[in-house]
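Visitor: Submitted below is the structure of interest, expressed as structure tokens.
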């Protein structure tokens with residue numbers, strides 16, 4: 001499909017504008033509608049303590065997952081790769097569920113920190129298992145991730161089955177991407193890890209493009225495929241771990257957002273990475289705003305809403321591609 | 324002057340030796356073919372030349388220096404390797420792919436993207452998806468990337484495989500142009516012994532060893548082909564038919 005030269009710029013500008021509008025809508029919407037341009041002290045307090053941190057976390061999480069998906073689909077050369085297929089979310093879920101179900105708070109370790117540790121430990125285990133004498137092979141790494149993920153999910157289900165604790169519902173909500181409990185406390189550290197992962201990925205964007213063409217051609221272009229894959233995998237793991245620890249498990253965003261972005265602006269990582277951040281953040285922010293508004297005072301998890309909104313659009317795009 | 328040299332190179336994947344004490348060279352601005360039966364070691368030779376594999380014995384020299392001694396970027400400026408099967412699913416547009424050739428150059432590329440696209444005849448397809456190109460066009464797009472990369476040696480693993488006679492014609496013409504106009508050296512593997520006449524020089528291999536090398540007309544005799552491919556029948560008639568095609572190519576300016 002041919003596109004005019006200015007088309008990606010137009011898409012980026014439209015996306016940024018849509019993102020700004022959705023941020024305003026997200027801040028204003030909820031069980032009680034706020035007018036951001038006319039507020040009293042109580043409204044201001046609610047805005048600063050609840051709506052803004054929630055919007056910030058949704059933007060950061062969605063952005064991190066979108067960029068992680070773009071990285072993983074490139075380094076595995078697999079359109080189905082996403083931050084969760086590698087078992088990272090299963091590791092985070094298991095660790096966080098232990099915290100939620102058994103009230104573990106060792107040395108003040110809270111659920112987000114447990115989730116982060118679980119995610120990073122799983123990522124490290126997957127890298128070790130995905131390594132052979134030829135280096136970090138994409139197929140082996142992917143299979144290691146899937147295997148570790150299934151094992152950890154099975155342990156998680158076992159733990160949840162035998163648990164009768166009140167934390168069970170909280171654990172299920174956490175695994176559906178429920179942002180109702182977030183506050184500013186998680187934002188600085190989450191932001192730091194996400195920015196670090198994103199900066200690494202941007203610096204290595206050329207390596208990511210080259211890996212997409214296969215290891216032999218990446219080598220021919222002067223890259224060391226194992227080294228590039230390892231560094232980019234670390235970047236994606238950092239961003240995923242930070243996202244999961246901030247607001248729980250949100251599937252779909254990391255899988256679909258990079259596809260939608262590529263569909264509109266091509267596959268150059270220099271463009272796809274930043275736009276996946278903007279699109280992922282915007283989608284999750286929008287989903288969270290809808291989730292806390294449509295059935296108020298009941299809150300629906302943002303992860304579920306994001307999948308419900310995004311899936312039909314994704315299927316529509318697939319239909320267009322076939323045509 | 325030789326740009327690529329195999330000096331007594333041996334390589335084995337496990338117990339089986341794939342390349343045994345092999346010596347040959349490729350000069351600057353030369354189109355050299357690598358022919359032999361399946362399992363003769365053609366792809367292994369190309370991967371050794373690209374630095375993808377390291378020999379257990381002997382040296383692979385590019386520009387008089389061991390290929391393993393170069394940094395990734397330095398190596399990429401000298402040698403480019405294209406595998407036989409190019410990814411059909413690569414999600415890039417032609418322009419995006421060719422621009423990747425600039426990666427090792429840092430602003431001092433040998434050829435700009437537009438020039439390279441013009442040279443391979445894909446100037447009008449810069450914004451077309453690779454998946455929408457024919458097999459021949461896709462291979463030309465990858466060759467354009469290596470031209471931007473500025474590699475002095477182009478290593479092509481069976482570039483003519485699965486191409487019809489028209490695309491083979493186009494690709495030979497392109498490679499000859501690159502060799503003549505840019506002084507690039509090409510080492511390519513092929514199964515098409517009849518097309519040997521299109522090459523400047525030919526290396527015939529079997530069981531990881533060089534059977535014969537030199538002018539294609541001298542190397543490709545009924546006897547060497549029978550010996551190399553373990554044939555009992557004469558291939559003279561087959562080769563004569565292909566020589567006629569080559570003459571037709573030559574008549575058309577290839």
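Protein chains in written order, with my numbering: chain P, 1 to 323; chain F, 324 to 577.
Ideal Cβ placement from N, Cα and C applies to all residues, glycine included.
Alpha carbons only, please: which of 55/P, 68/P and 308/P is nearest the one belonging to residue 276/P?
Guide: Checked all of 55/P, 68/P and 308/P; the closest Cα to residue 276/P is 68/P.
Visitor: What number of angstroms, rounded off, separates the C-alpha of residue 527/F from the C-alpha of residue 423/F?
Guide: Rounded to the nearest angstrom, the two C-alpha atoms are 34 Å apart.
Visitor: Please go through the stretch 195-223 of chain P and give each complete alpha helix (DSSP H) segment of 4 or more residues, from N-terminal end onward.
Guide: Within the stretch 195-223 of chain P, the complete alpha helix (DSSP H) runs of at least 4 residues are 205-212 and 215-220.
Visitor: What does the alpha-carbon distance come out to for the pair residue 557/F and residue 540/F?
Guide: Taking the straight line joining both Cα atoms gives about 16 Å.
Visitor: What does the alpha-carbon distance come out to for the pair residue 107/P and residue 79/P?
Guide: With a pLDDT of 46 at residue 107/P, under the threshold of 50, the predicted position of this residue should be treated as unreliable, and no value is reported.
Visitor: Using beta carbons (cut-off 9 Å, strictly below), is residue 206/P in contact with chain F?
Guide: Yes, residue 206/P counts as interfacial toward chain F.
Visitor: Is the beta carbon of residue 94/P sitting closer than 9 Å to the one on residue 83/P?
Guide: No, Cβ-Cβ distance for residue 94/P and residue 83/P is not below 9 Å.
Visitor: Counting along the chain, where does the alpha helix (DSSP H) carrying residue 331/F start and finish?
Guide: Where residue 331/F is concerned, there is no enclosing alpha helix (DSSP H), although the beta strand (DSSP E) it sits in stretches over 325-335.
Visitor: Between which two residues does the beta strand (DSSP E) containing residue 537/F stretch?
Guide: From DSSP, the beta strand (DSSP E) with residue 537/F extends over 532-537.
Visitor: How long is the line joining the alpha carbons of residue 55/P and residue 289/P, rounded to whole angstroms?
Guide: Roughly 8 Å separates the two Cα atoms.
Visitor: Go ahead and label residue 35/P buried or exposed: buried means 16 or more other beta carbons lie within 10 angstroms of its beta carbon, across all protein chains shown.
Guide: Looking at its Cβ environment, which holds fewer than 16 other Cβ atoms inside 10 Å, residue 35/P is exposed.
Visitor: According to DSSP, simplified to helix, strand and coil, what is residue 416/F?
Guide: Strand at residue 416/F.
Visitor: Taking residue 403/F as the query, report the chain P residues whose CB atoms sit under 7 Å from its CB, ordered along the chain.
Guide: The answer, in chain order, is 220.
Visitor: Step through the CB atoms of chain P and report whether any lies within less than 9 Å of the CB of residue 364/F.
Guide: Not one chain P Cβ lies under 9 Å of residue 364/F.
Visitor: When you compare the CB of residue 518/F with every CB in chain P, is at least one pair closer than 9 Å?
Guide: Cβ-Cβ to chain P under 9 Å: no for residue 518/F.
Visitor: Against chain F, does residue 213/P count as a neighbour if the rule is that its beta carbon must be under 9 Å from one of theirs?
Guide: For residue 213/P, the answer is yes, since a Cβ of chain F falls inside 9 Å of its Cβ.
Visitor: Any Cβ of chain F within less than 9 Å of the Cβ of residue 68/P?
Guide: Residue 68/P does not count as touching chain F.
Visitor: Any Cβ of chain B within less than 9 Å of the Cβ of residue 268/P?
Guide: In the structure shown, chain B cannot be found, because the protein chains are P and F.
Visitor: Indicate the three-state DSSP secondary structure (helix, strand or coil) for residue 132/P in the structure shown.
Guide: Correct three-state label for residue 132/P: strand.
Visitor: Under 8 Å between beta-carbons, which chain P residues line up against residue 505/F? List them in chain order, please.
Guide: Near residue 505/F there are no residues of chain P at all, since even the closest Cβ is about 18 Å away, more than 8 Å.
Visitor: Please list, in chain order, all residues of the same chain as residue 156/P whose beta carbon is under 8 Å from its beta carbon, the five residues on each side excluded.
Guide: Result list for residue 156/P: 90, 93, 94 and 97, in chain order.
Visitor: For residue 497/F, which three-state DSSP category applies?
Guide: In this structure, residue 497/F counts as helix in the three-state DSSP scheme.
Visitor: Whose Cβ in chain P lies nearer than 9 Å to the Cβ of residue 419/F?
Guide: Here the neighbours are 209, 266, 267 and 268.
Visitor: With 9 Å as the threshold, decide whether the Cβ of residue 398/F is near any Cβ in chain P.
Guide: Interface residue, yes.
Visitor: If you reduce the DSSP assignment to three classes, tell me which class residue 264/P lands in.
Guide: Three-state result, residue 264/P: helix.
Visitor: Could you name the residues of chain F that residue 223/P contacts, counting a contact when the two beta carbons are closer than 7 Å?
Guide: Simply 395.
Visitor: Distance check for residue 532/F and residue 412/F, CA to CA, integer angstroms please.
Guide: Their Cα atoms are separated by approximately 36 Å.
Visitor: Verify the CB distance criterion: does residue 416/F have a CB-CB separation below 9 Å to chain P?
Guide: Residue 416/F counts as touching chain P.
Visitor: From 559/F, 508/F and 464/F, pick the residue whose C-alpha is nearest to that of residue 352/F; which is it?
Guide: Ranking 559/F, 508/F and 464/F by Cα distance to residue 352/F puts 508/F first.
Visitor: Does any residue of chain P have a CB that is nearer than 9 Å to the CB of residue 375/F?
Guide: Output row for residue 375/F: interface = yes.
Visitor: With a cut-off of 8 Å, do at least 3 Cβ pairs link the stretch 193-212 of chain P to the stretch 282-297 of chain P?
Guide: Short answer: they don't touch.
Visitor: Determine, for residue 482/F, whether the minimum Cβ-Cβ distance to residues of chain P falls below 9 Å.
Guide: Residue 482/F does not count as touching chain P.
Visitor: Per DSSP, residue 524/F is paired with what?
Guide: Answer is 355/F.
Visitor: Kindly identify the DSSP beta-bridge partner or partners of residue 389/F.
Guide: Partner(s): 384/F.
Visitor: What residue does the beta strand (DSSP E) around residue 404/F start on, and which one ends it?
Guide: Start and end: 402-405.
Visitor: Quick one: what's residue 452/F bridged to in DSSP?
Guide: Paired residues: 416/F.
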